[in-house]
Each structure stands twice: as structure tokens, then as C-alpha cells.
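Below is one structure, written out as C-alpha cells; comments come after it.
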Amino acid sequence: MAKILGLGHSHIVAIAKGCYDLQHEGFKLGGAPLVSRFVYLYDPELTPTLGEENASSRLNPRLRGIIKEERPDGIVLSVGGNEHIALSVTQTNERFDFILGAEPELDLEPGAAVLPEAAVRETLREKMTPTLATIEAIRNETDAPIVCIEPPPPLPNSRVVQCPQEFFRRSFDPRRLSGDIFRYKMWRAQSALYREICMKEQILFAAVPAEFISPSGMLAEFVWGADASHANALFGRRMIQAAVELFEPRLGDGRQ
7 MAKILGLGHS HIVAIAKGCY DLQHEGFKLG GAPLVSRFVY LYDPELTPTL
57 GEENASSRLN PRLRGIIKEE RPDGIVLSVG GNEHIALSVT QTNERFDFIL
107 GAEPELDLEP GAAVLPEAAV RETLREKMTP TLATIEAIRN ETDAPIVCIE
157 PPPPLPNSRV VQCPQEFFRR SFDPRRLSGD IFRYKMWRAQ SALYREICMK
207 EQILFAAVPA EFISPSGMLA EFVWGADASH ANALFGRRMI QAAVELFEPR
257 LGDGRQ
């Protein structure tokens, strides 16, 4: 058997469902039947995930034990992922935007102040500090190959309006919603930070397939989840397949 250990926050649910579907169908990793265990990092036994800076290991002792006990052939991470939403779903009356260097042709929001991409990226980096530190701490605990799953792109404003309680404790003014293109750019900026930590820590990166991204840059409707910020099991299935493609060249021979 070949074992995957999945670790993450809310997006890990869709990844786990997709993986279990594949296992039920007899999916294989490196020629061996795939087995998996998925761990939700918001489990009370695993929080806080990180300890003090001066500890011998920053990772929660229980989580360290799980990684050691499982001895996985590969680890799948879906840590954080919604920071871009928190920073982009609505704006104040003084709107801002930025030019995404990778896609400079994308439209700017009319009347918005244009900020340097670096300023936006560093704001995202600050928001993602716990996420990036968790990824680094997990890498330090194991020599197993790790694949970081790119979070799904945002869902469109029409879906946000259908599920406002997911984002707003009280009523909100729909006119304050950011445009879809701006939200797409924020997602891309966040993904760049995932790619950066992966390169630094020798972690593989599984990008969202192009077919899951609509022309507007939003998550394609056929992989929407049950709310306004998550994907479904089909998304999870495809991302596990992508992870396996990255894992297989790194597996040893002779697996039972």
C-alpha cells in the first residue's frame, strides 16, 4: 500500500472527499493501492498548531506524533487558503486595486487607487504569517515528499450574496463588494506566496487546473462547494490526482 497523509484547514474537506472516492475505485499510487488519512488542523487536540518560537519544534506535539506514527509516502497540505478572501471580498468607499505583474492586461476597478503590487503582496504575507509558518514547521518534521495544494479561486459575487452569513455577521451593503477581477488578482497574489514558500522549503506545488477557472477568473460552477468559499469533491479528486503525479517520480521501488 501507498499512504498519503493530508493536513489542512477547511479546504482539506473537499480534498479528503475526492481522495476517498478515488480509493473506493481502486486508485493506485506508484503501482500500489492508495490509502490515506486526513487531519483537520482546527481539531482542538491540534490547536494551537504552532508553539513558542524558542521551542525545539514549533509544531503541536500531537501533530508531530501523527506524522511520525503514519510514516506516509507523501503528505498533502491544504493549509489556510482564504486569506485573500478576507482582504478582498469588500472594500471601503475609497477603493484600491493593483496591476498583477503576471497578467498586467487585467482591468482595474474604475475610480480605484492603484497600489504597487508589492504593497498588496506584503499585506497578504502578513495575513498569511501563521499559514506560512505552519507549512515551514511541517516541512521541518519529515523527509517525506510534500505537495501543497493551491486553494480554489474565489467564487463570484452572486454566490457571496447567496451566502452572506459566511462572510458578514451583520447586514452588508452589496455595493461594497469588490469586483470579480480584483478578487481573482488577490487570489493570484496569494498563490504566488504559496509558490514562494514551496520553492524555499522544497515542497511540490499542485496548481488548480485551468478548466476549473472560469473566464472571469472565478471558480467554475461545476466545482462549487455548498457555500461561497469552498470547492467540492470533484475539485478534491482532481487535486489528489495532480498530487499523485508529483509524488510518483519520488517514490522508492519495492513497495508492497
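Residue numbers for the sequence shown, in the numbering used here: 7 to 262.
Where a beta carbon is used, it is the ideal one built from N, C-alpha and C, also for glycine.
Values in this document were obtained by computation on a predicted structure and should not be read as measured data.
The three-state secondary structure of residue 204, taken from DSSP, is helix.
Between residue 34 and residue 239, the CB-CB gap reaches or exceeds 8 Å.
Pairing residue 220 with residue 248, the inter-Cα distance amounts to about 19 Å.
Taking the CA atoms as reference points, residue 153 sits about 15 Å from residue 15. Annotation: the continuous alpha helix (DSSP H) that includes residue 127 extends over 123 to 133. Boundaries of the alpha helix (DSSP H) around residue 25: 18 to 30.
Only buried fits residue 189, as 16 or more other CB atoms lie within 10 angstroms of its CB. The C-alpha of residue 102 is placed about 11 Å away from the C-alpha of residue 93. DSSP places residue 42 inside the beta strand (DSSP E), whose first and last residues are 38 to 46. No Cβ-Cβ contact shorter than 8 Å links residue 156 with residue 130.
A Cβ-Cβ contact shorter than 8 Å links residue 82 with residue 12. Secondary structure within the region 43 to 123: the alpha helix (DSSP H) runs of 4 or more consecutive residues, fully enclosed, are 67 to 76, 89 to 94 (chain order).
By the C-beta criterion, the region 184 to 203 is judged to be in contact with the region 95 to 112, since at least 3 inter-stretch pairs fall below 8 Å.
Under the criterion of beta carbons closer than 8 Å, residue 95 and residue 199 do not qualify as touching, at roughly 18 Å. Where residue 246 is concerned, there is no enclosing beta strand (DSSP E), although the alpha helix (DSSP H) around it starts and stops at 239 to 253.
In the three-state reduction of the DSSP assignment, residue 199 falls in the helix class, which pools H, G and I. For residue 104, the closest of 158, 45, 255, 118 by C-alpha to C-alpha distance is 118. The three-state secondary structure of residue 143, taken from DSSP, is helix. A distance below 7 Å between beta-carbons, with the five flanking residues on each side excluded, links residue 167 to the following residues of its chain, in chain order: 180. For the pair residue 203 and residue 141, the CB atoms are nearer than the 8 Å cut-off. A straight line joining the alpha-carbon of residue 241 with that of residue 251 spans about 16 Å.
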